[in-house]
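Please read the structure below before turning to the comments.
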Amino acid sequence: MNAILRQTGHVRALAILVVTAVLSACSGGQTPPSGQASPALPGQGAPAAGGADQINGAGATFPYPIYSKWFSEYTKSHPDVRINYQSIGSGGGIRQLTAQTVFFGATDGPMTDEQLKSAPGPIVHLPTVLGAVVPVYNLPDVTGDLKFSGPLLADIYLGKVKKWNDPAIVKENAGVKLPASDIAVAHRSDGSGTTYIFVDYLSKVSPEFKQKVGVATSVNWPVGVGGKGNEGVAGVVKQTPGSIGYVELIYALQNNIAFGAVKNKAGAYLKASLESVTAAAAASAASMPADFRVSITDADGKDAYPISSYTWLLLYESPTDKAKGKKMVEFVRWAITDGEAYAKDLGYAALPDSVVKLEQDALGKIEVQ
Amino acid sequence: MTFLCALSVVVALIPLAFILFFVLHQGVPALNWAFFTEMPRPVGETGGGMANAIVGTGILIGLAALVAVPIGVTCGVYITEFKTSRLSPAVRFAADILNGVPSIVIGVFAYAIAVLPFRRFSALAGGVALGVMMIPIIVRTTEELLALVPSSLREGALALGATRARAVATVILPAALPGIVTGVLVALARVAGETAPLLFTAFNNRFFSTSLDQPIGSLTVQIFTYAISPYEDWHRQAWAGATVLIAAVLLFSLLARAVTRRLERMHHG
Amino acid sequence: MALSPTGRRRAGWADPLFRVGTGAVAVLVIAIVVGILAVLVNDSMLSVRKFGLSFWRTRVWDPVAGDFGALPFIWGTLYSSVLALLIAMPVALGIAIFLSELCPRWMRQPLAFLTELLAAIPSIVYGLWGIFVLAPAVRTLQVHTPDALRGTPFFSGPPLGVGMLAAALILAVMVIPFTATVAREILKAVPVSQREAAYALGATRWEAIRLAVHYGRIGILGAVMLGFGRALGETMAVTMVIGNNPQVALSLFAPQHTMAAVIANEFTEAADALYLNALVEIGLVLFLITVVINGLSRFLIWRMVRVRPARVVAPVKVPLAA
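Residue numbers (the numbering used here), protein chains in the order written: chain Y, 2 to 370; chain W, -4 to 264; chain H, 784 to 1105.
Have a look at this one:
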């Protein structure tokens, strides 16, 4: 029996470990296990346990760089507001918000009428920044930027243009030596607002694309490799010579991936930039609809970058947790005023002033009292 | 033919060992104090660490053990003590099926029962998912070990007037305990490395959190998120995370082995 | 009947309570399995009703049009797993034979330990290695494929690195240690009497090994099928190297998709009910396939273990001492 007891030394050690882990977990959490939100505790200070103060959100990878910067900066000045955002794609943001497993969502493809109808309550779209989707490619031997037209991009993604030295590409890029290799096409494997923006544009410039593929956050791609998130597509393009993909501008800039110029409606070839994206928004700013759901791809104007878009935060008009709702509303107010200063460094364009004003009014309508 | 067999060892084990060394080679230089103590930094900033993810994995497997050990051991006890009942083969069959269910399907199941009804991703849901995966391993281990206990011990206890429950609790289980602990350790090592079921139960959390009803970070999900990104610094941290994970699995395996060896010596010595 | 220390007959509620109590927990385990099936069936009803049996043979996966079919995923899962097994089987068997028969005693423990450790490495680590080492290596291989082969349907397509070949290789790598360990256990279970009998009749070492393998062939088949079952359900490592493109393609270089990978990628974001139901239905298909395969393999192993030694001695032509 003593021998057996000696063996159980291991057991006791393990038991102590497990019990300690669980006890520390229970004591660490401030929220009572029933899940009811307890009244917010005054400024708890940084690495303390998570709890009722944490606001969970999910959605688009398109604005993830600026959002993660915002949430980090905002917590510095408001330590009692901790926003946990997971970039799982716009489709995910819409779905989890509708299922109410997260408090707010984020998307670059506005919710459709059916999606809004199937939500348990009215949802408000709140634009935050403007961004651009750029065609990235990996051609180590090509110097200088490639030029693409909308229909050409559509044909590449339809699988009709298969090689880099196809006459269609050569036509747009006179004087550039293009290799005879196959084009390795990359797209999103998850439900994505970036996809939405891209296919929205392609469907506007190519009736065949519109008919064969269509517009949504998740489409039936005729060709190509799927990467998860903007990060995934950027990763695929970076690792695969001869590939082409589409990502938000900042992902191309931060990873030093070459991206091309796109021909806009007025016929000018433009690379995405703060100026060209702002110009794209300016045209429609005056006629912004009340629910902020608008598409600005293929905009008019010779300075407008054709694959630009707003990106939105999604909130319930009357959230169940009023305290959290109030915190989010305050955050959004900060974001569209002070927060816009960070946008520039990360390659996002600030909202037009007229839009900011409309949004402040809309924020007032969210029921947080 | 000996040559072929030796060749297969060379062809297979050596490259597999190479994978192990490659991961360590990439990961060990990336380990630093910051990795173990800091939270992830926003996109674009280098540095930061996986402190929250490491703690998260610890909490998740602790929860899983809490769910799986009582259920698994009790179930194993039932199968052994009441071998002849009609329920026994059915339970054993069910445990075998459960063992083969792909982890992603367990994730879907846990999402349906532990996330949707409560409208939140949580560490508890993740613990439930991992616990369900651990149950069949523990059932099987318990069953095998209880069968190894000499029947003389059981008969002796019953002859002395103990109830069945008492006999099991005070005599039979303690005799089998080291082996059961081994089984638990092996099961813990297995679920510590799971990613798929956590994707939609525990979700992820960039803050340090220990509350059970909030999303929680985990080493595996964090490695996955970093691995598919384009940022070099995140890749570096992914390797470091993988190294920590392997170290944990190695630790559990060695511990399990040590316990088994002492058990063998005890029975044969 | 239990007696208390005073000799009185104790009320007999303790034992029945014990039985009921532990029995309830046992029923709980059964309930969990039934629950999984129930959740899968319930949450896929919309899709099952809309597509019926044609779901299993439709190639289209179109969330925009609301048209879903599981064929590309079933294809990808089976193709990658079968390929992985073809690669892994001889290697795993070779390792098992080496470890149980040929290995010098001093090497046995460390090698066995190494094999078990490799079986325990989490799949995310293999996936990490897959993205950064395997896929680029496969890509280099693709670039250097001779044009003659390029024309065949098995090797066509742009050199992406990620694709069916990378997925099959990583699955093989993951399945080998596990299958080798189980096969080794099977070989260890071959009664010593069998081998001694063979040697007594003058068999060479290799003939004795062949005999042992033949004796355990059913169990070894079971081990292989267990490995197959593992490969079918593997999620993370595969999704990181297979390319995530739902197409039915013969080419080893083409990016494809598997059932587990599509669920992992699209589950959190299927924004409408039909899409979600279609994904859960794929989970149901995966569940059913793995249950069948695992059930079959366990049955085979069980059969081998319970069969009496005398019955299965194969009529191996053992030559008299030469």
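Just so it is clear, CB atoms sit at the ideal spot from N, CA and C, and this is done for glycine as well.
Counted within 10 angstroms of its Cβ, other Cβ atoms place residue i as buried (16 or more) or exposed
i, result
"Val817(H)", "exposed"
"Ala267(Y)", "exposed"
"Leu11(W)", "buried"
"Ala120(W)", "buried"
"Leu258(W)", "buried"
"Ile9(W)", "exposed"
"Gly1010(H)", "buried"
"Lys325(Y)", "buried"
"Arg922(H)", "buried"
Contact with chain Y by residue i, beta-carbon distance below 8 Å
i, result
"Trp844(H)", "yes"
"Val268(W)", "Nothing in the structure corresponds to residue 268(W), since chain W is present only between -4 and 264."
"Ile49(W)", "no"
"Leu245(W)", "no"
"Pro887(H)", "no"
"Asn1048(H)", "yes"
"Ala853(H)", "no"
"Pro112(W)", "no"
"Val847(H)", "yes"
"Gly944(H)", "yes"
Cβ pair residue i, residue j closer than 8 Å
i, j, result
"Lys229(Y)", "Ile99(W)", "no"
"Leu876(H)", "Val226(Y)", "no"
"Trp858(H)", "Ile14(W)", "no"
"Gly67(W)", "Met128(W)", "no"
"Ala251(W)", "Val181(W)", "yes"
"Ile245(Y)", "Ile157(Y)", "yes"
"Tyr1058(H)", "Met947(H)", "no"
"Glu232(Y)", "Pro35(W)", "no"
"Ile175(W)", "Val18(W)", "no"
"Thr860(H)", "Met1042(H)", "yes"
"Trp844(H)", "Pro855(H)", "yes"
"Ser741(H)", "Met957(H)", "Residue 741(H) falls outside the range modelled here, since chain H spans only 784 to 1105, and no answer is possible."
Presumed contact (8 Å Cβ cut-off) between residue i and residue j, rounded CB distance
i, j, result
"Val373(Y)", "Lys323(Y)", "No statement about residue 373(Y) is possible, as the shown extent of chain Y runs from 2 to 370 and does not include it."
"Pro208(Y)", "Asn265(Y)", "Contact doesn't hold; Cβ gap of about 19 Å is too wide."
"Thr52(W)", "Ala237(W)", "Between Ala237(W) and Thr52(W) the Cβ distance is about 13 Å, and since that is not below 8 Å, they are no contact."
"Leu250(Y)", "Gly348(Y)", "5 Å"
"Pro210(W)", "Asn139(Y)", "Between Asn139(Y) and Pro210(W) the Cβ distance is about 35 Å, and since that is not below 8 Å, they are no contact."
"Leu315(Y)", "Gly94(Y)", "7 Å"
"Ala951(H)", "Ala918(H)", "About 13 Å separates the two Cβ atoms, so there is no contact after all."
"Ala25(W)", "Gln232(W)", "6 Å"
"Ala90(W)", "Ala105(W)", "Contact flag wrong, Cβ pair sits at about 18 Å."
Contacting residues, own chain, Cβ-Cβ under 6 Å from residue i (five flanking each side not counted)
i, result
"Met1023(H)", "Gly910, Gly913 and Ile914"
"Val1(Y)", "Not covered by the structure: residue 1(Y). The range shown for chain Y is 2 to 370."
"Ile959(H)", "Ala871, Val874 and Ala875"
"Pro353(Y)", "Ala282 and Ala286"
"Gly110(Y)", "Ser91, Gly194, Tyr197 and Thr218"
Close-in-space but distant-in-sequence residues of the same chain around residue i (CB under 7 Å, 5 per side omitted)
i, result
"Val926(H)", "Pro942"
"Val163(W)", "Val72 and Glu76"
"Pro1038(H)", "Leu943, Val945, Gly946, Ile1025, Gly1026, Asn1027 and Asn1028"
"Leu24(Y)", "Note that Leu24(Y) has pLDDT 40, beneath the 50 cutoff, so the model's placement of it is unreliable and the number below is only indicative. So no residue of the chain qualifies."
"Ala879(H)", "Ala963, Ala966, Arg967 and Leu970"
Chain W contact for residue i (CB, 8 Å cutoff)
i, result
"Asn256(Y)", "yes"
"Glu232(Y)", "yes"
"Met1019(H)", "yes"
"Ser69(Y)", "yes"
"Ala235(Y)", "yes"
"Lys325(Y)", "no"
"Arg978(H)", "no"
"Ala100(Y)", "yes"
"Phe801(H)", "yes"
Cβ shell of residue i (< 8 Å), same chain only, five flanking positions each side left out
i, result
"Leu882(H)", "Arg891, Leu894, Ala895, Thr898, Ala963 and Arg967"
Any chain H beta carbon closer than 8 Å to residue i
i, result
"Asp228(W)", "no"
"Arg96(Y)", "yes"
"Asp191(Y)", "yes"
"Thr190(W)", "yes"
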